[in-house]
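Going by my numbering, the sequence shown opens with residue 20, and the numbers climb by one from there. Below: one structure, written as structure tokens.
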Amino acid sequence: MSATGHGGHTLPRNVAQIPNETVQKVLDSTDIVDLINSYIPLKRMGAAFKANCPFHHEKTPSFTVSPTRQTFHCFGCGKHGSAIGFVMEYENLPFVEAIKKLAAKANVPIVETFDPQADADRRSKGKLMDLHREATAFMHERLLTDPEAQHARAYMKSRGFGKEMAVRWLVGWMPRDSRVFKEWVKSRKYTGQDLVAAGLAGMKEEGNPRAGLYIRFTDRLMFPICNEIGDVIAFSGRKLREDQQGGKYQNSPETAIFKKSSVLFALDRAKKSILKEKFALLCEGQLDTICCHEAGIENAIATQGTALTTQHARILKRYISNVVLCYDADGAGIEASEKAFKELVAAGMGAKVVEMPPGDDPDSYIKAQGADAFRKLITEAKDFFDSKLGRAKSLGTLDTAAQRTAVTNQSVEALAAMSDHAARDHQINVVATHLGISAAALRESIARVKKFPKREGSRQDADAPAAEPTPLHSIVSALCHLALSSGMAQHFLAEQFETLHEADRWVEGIPLLERILASAPDPASPAALNAFLLELPDADRHALSREASRWEEGDENGIQSAEHALAALSSVVIQKRDAAVKAAMREPGLSPERLMQLLEEAKEISALMKGIQRFEFDDQLAASTYKPKEPAWKKKWEKK
């Protein structure tokens with residue numbers, strides 16, 4: 020039995036480790052610009068190179084490659100790393116295989132050592148993947164051929180699903196008699212411990228293996244749950260008898276290879292269609308999703324019996340920026356739709372709502388009205404607030420003052436979740452029009468919600484004390500002052516996005532500075548400055564007010580002052596990074612993953628300390644006096 024890792028790559032019998040010196044040599048011999056340009060076309064922009072990110076869908080390039088730092092960074096999805104990290108991400112390769120690929124390009128010989136613990140972990144996950152794949156085949160065969168599964172086949176037929184659909188989706192049936200599955204498990208040389216680890220069985224008495232095991236799924240229609248690349252990692256079982264114990268659907272528990280909060284049903288099949296259609300159709304359940312795909316609506320996906328999570332939203336944002344919610348029109352569906360909307364807009368995505376007729380779901384609607392009629396419903400999907408408030412009016416839930424207050428408060432919470440300020444401004448006007456209240460009143464309510472967000476299980480104190488000022492490093496305070504007092508300094512600092520992004524990890528107050536630069540209030544206009552300051556949270560406004568007395572009102576040499584301050588900031592950052600990496604390198608028992616991170620960071624710091632002169636600011640940090648050996652990629656770059 021072979022052990023197959025995430026992404027279908029066969030794992031070696033022992034998990035290899037590459038010595039630090041070899042990794043460093045591979046990185047020194049690789050020019051990241053040449054490497055990435057061999058995968059995607061790069062365009063020079065100042066001292067850096069840009070392209071549309073290969074890891075998520077975007078129209079405006081936010082993927083940056085720095086030849087000086089030998090790193091890539093995407094400001095859209097947050098992917099960041101060295102040449103090794105890029106190859107791992109782009110080609111879905113494990114660490115060792117990515118290094119081997121780069122070493123072959125650079126003619127660097129590889130000598131491997133082995134980590135027994137990492138080997139054991141990878142073998143364990145590989146075995147779980149094998150067990151899920153083989154169990155899928157076992158249950159699928161039972162559904163198609165076992166006489167005892169006749170009622171399961173009849174149920175599928177009653178739902179309009181035939182054998183072809185079962186084959187396409189590898190639907191299976193878990194026998195009612197658990198001994199049948201147990202005998203199959205023994206024949207495949209798996210153990211009870213393997214079944215528990217895979218979530219296919221549980222202990223009859225927690226913590227007491229001697230009490231025996233029970234099979235988690237019996238007499239259920241089994242739907243395989245796959246990861247993004249199509250490997251089966253869990254199951255969802257639909258009960259077939261009314262007298263059966265458990266809920267209508269029973270899902271696998273979380274395991275080493277299955278995390279509900281980061282898995283979307285059918286995403287492996289829907290990815291291409293999602294990119295083509297430029298939106299994902301988020302359904303409430305697996306059968307609805309399957310029905311959509313069978314009807315040719317192949318951008319449909321679903322969560323795994325849970326509400327949409329922050330991680331789900333992040334995964335979807337890698338592909339598209341818009342989601343259409345298609346939940347049932349009952350109370351549970353409406354509540355799930357509101358929760359999903361908040362997660363999506365918090366991630367900067369857009370969300371619309373398909374208005375399903377009461378009592379219908381995608382499955383029943385397609386069977387009754389046809390796929391074209393359902394496509395029309397999707398095309399007519401409404402903006403979230405138009406749908407929510409239009410439904411409230413039609414149901415008469417805006418008739419009393421108490422009802423209007425409740426709906427207003429719900430709308431304010433949803434508006435406060437939106438991270439796209441322009442989109443929120445538009446929706447504030449939409450909500451104000453529906454509810455007949457002023458946009459200014461809504462903005463005040465949103466500001467209060469954002470200042471004192473709800474916490475589970477706790478009441479909000481209306482008399483809560485004023486927020487503490489946002490902590491600001493003294494250099495960041497100076498840069499904030501320059502950005503608000505000098506137009507030239509503001510423009511200059513806005514171009515130093517990568518330096519500021521890096522500094523955010525090491526000094527306090529960078530998000531406030533970035534907010535100033537993103538809003539770009541005109542320093543020559545007191546009205547513009549005041550309007551901007553009023554929009555800030557109290558903590559940020561107090562911080563700027565407290566620090567203002569330390570700086571002079573005007574600055575004739577704005578750019579020069581900004582250069583000096585940025586040089587000082589860069590010096591602080593590089594010193595802190597250097598000290599942190601050296602300290603981390605001295606820690607005993609480093610894992611391969613942690614070691615990779617430290618080696619990549621040491622590579623960056625080495626390049627910075629060697630190649631960057633003080634007061635150079637195009638995507639660079641200031642230099643130090645440290646003089647490492649000049650890497651091969653640097654010589655190659657200078658020749659170009």
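Think of the CB as a built atom: it goes at the ideal place given N, C-alpha and C, for glycine as much as any other residue.
What separation, rounded to the nearest whole angstrom, lies between the Cα atoms of residue i and residue j?
i	j	result
Gly573	His583	Summary for Gly573: the model assigns pLDDT 48, below 50, so the residue's position carries little reliability, and this model does not support an answer.
Glu432	Ala285	31 angstroms
Ala483	Gln429	Model confidence at Ala483 stands at a pLDDT of 38, short of 50, so the residue's coordinates are unreliable; what they give is reported in the following sentence. Roughly 22 angstroms between the two C-alpha positions.
Gln323	Leu532	40 angstroms
Pro119	Pro113	For the record, residue 119 in the displayed sequence is Lys; it is not Pro. The alpha-carbon atoms of Lys119 and Pro113 are separated by roughly 10 angstroms.
Tyr346	Arg260	25 angstroms
Arg198	Lys208	15 angstroms
Ala321	Leu240	18 angstroms
Glu635	His92	Model confidence at Glu635 stands at a pLDDT of 40, short of 50, so the residue's coordinates are unreliable and nothing is read from them.
His159	Ser610	39 angstroms
Lys407	Leu414	11 angstroms
Glu571	Phe551	Its pLDDT being 44, under 50, Glu571 is placed unreliably in this model, and the coordinates cannot settle the point.
Lys11	Arg235	Because the chain in this structure spans residues 20 to 659, residue 11 falls outside the shown range and cannot be described.
Val130	Lys124	16 angstroms
Asn448	Gly350	26 angstroms
Ser504	Arg88	31 angstroms
Ile37	Gln136	15 angstroms
Arg9	Leu396	Residue 9 is absent from the structure shown; the chain starts at 20 and stops at 659.
Ser589	Glu517	11 angstroms
Glu110	Asp439	32 angstroms
Ala485	Pro542	With a pLDDT of 48 at Ala485, under the threshold of 50, the modelled position of this residue cannot be trusted, and the question is left open.
Quick one: using the 10 Å Cβ neighbour count with 16 as the cut-off for buried, is residue i buried or exposed?
i	result
Asn227	exposed
Asn39	exposed
Asp444	exposed
Val313	Note on identity: in this sequence residue 313 is Glu, with Val being the wrong assignment. Glu313 comes out buried.
Gly256	buried
Lys601	exposed
Glu224	exposed
Ser568	In this predicted model, Ser568 has a pLDDT of only 43, less than 50, meaning its place in the structure is not dependable; the value taken from the coordinates is given anyway. Burial call: exposed.
Pro530	exposed
Leu434	buried
Gln632	A caution first: Gln632 carries a pLDDT of 41, below 50, which makes its placement in the model unreliable, though a value can still be read off. So Gln632 counts as exposed.
Pro128	exposed
Gly715	Coverage of the chain is limited to positions 20 through 659, which leaves residue 715 absent and any answer about it impossible.
Gln264	exposed
Met594	Met is not the amino acid found at residue 594; the sequence shown has Gln there. Under this definition Gln594 is an exposed residue.
Glu357	buried
Thr212	In the sequence under discussion, the amino acid at residue 212 is Gln, which differs from the Thr named in the question. Gln212 should be labelled exposed.
Tyr384	buried
If you measure between the beta carbons of residue i and residue j, is that distance less than 8 angstroms?
i	j	result
Glu619	Ser101	yes
Gly577	Met507	yes
Gly249	Asp196	no
Val592	Glu527	no
Arg605	Trp525	no
Ala539	Gln509	yes
Ala359	Leu327	yes
Lys386	Gly179	yes
Phe68	Val42	no
Thr489	Ala558	yes
Leu617	Ala603	yes
Met15	Asp238	No answer is possible for residue 15: it lies beyond the span of the chain, which begins at 20 and ends at 659.
Leu585	Gln515	yes
Phe393	Ile293	no
Residue i: beta carbon under 7 angstroms from a heavy atom of the ligand ATP?
i	result
Glu261	Looking at this structure, you won't find the ligand ATP or any other ligand, since it has none at all.
Checklist entry - Can you give, in chain order, each stretch of the beta strand (DSSP E) that sits fully within the segment 329 to 395 and has at least 3 residues? => result 341 to 345, 369 to 372
Checklist entry - Is the segment 194 to 213 close to the segment 145 to 162, with three or more CB pairs under 8 angstroms? => result yes
Checklist entry - Quick check: the segment 393 to 405 against the segment 367 to 377, are there 3 or more CB pairs under 8 angstroms? => result Output reads yes: the segment 367 to 377 touches the segment 393 to 405.
Checklist entry - Is it true that the segment 161 to 177 meets the segment 298 to 312, where meeting means three or more beta-carbon pairs spaced less than 8 angstroms apart? => result no
Next on the checklist: Below 8 angstroms, how does it come out for the segment 332 to 348 and the segment 74 to 84: are there three or more Cβ pairs, yes or no?
Outcome noted: yes
Checklist entry - Taking contact to mean at least 3 C-beta pairs separated by less than 8 angstroms, is the segment 268 to 280 in contact with the segment 217 to 227? => result yes
Next on the checklist: Restricting to runs no shorter than 3 residues, where is the beta strand (DSSP E) found entirely within the segment 33 to 90?
Outcome noted: The beta strand (DSSP E) runs lying completely inside the segment 33 to 90 and spanning 3 residues or more are 62 to 64, 67 to 70, 82 to 85, given in chain order.
Item to check | Unbroken stretches of the alpha helix (DSSP H), 4 residues or longer, contained in the segment 410 to 466 | outcome: 420 to 435, 440 to 454
Next on the checklist: Please give the ranges of any beta strand (DSSP E) in the segment 159 to 198, keeping only runs that are unbroken, at least 3 residues long and fully inside the region.
Outcome noted: 191 to 193
Checklist entry - At what residue ranges does the segment 196 to 262 contain a whole run of the alpha helix (DSSP H), taking only runs of 4 or more? => result Taken in chain order, the unbroken stretches of alpha helix (DSSP H) that lie wholly in the segment 196 to 262 and span 4 residues or more are 197 to 206, 211 to 217.
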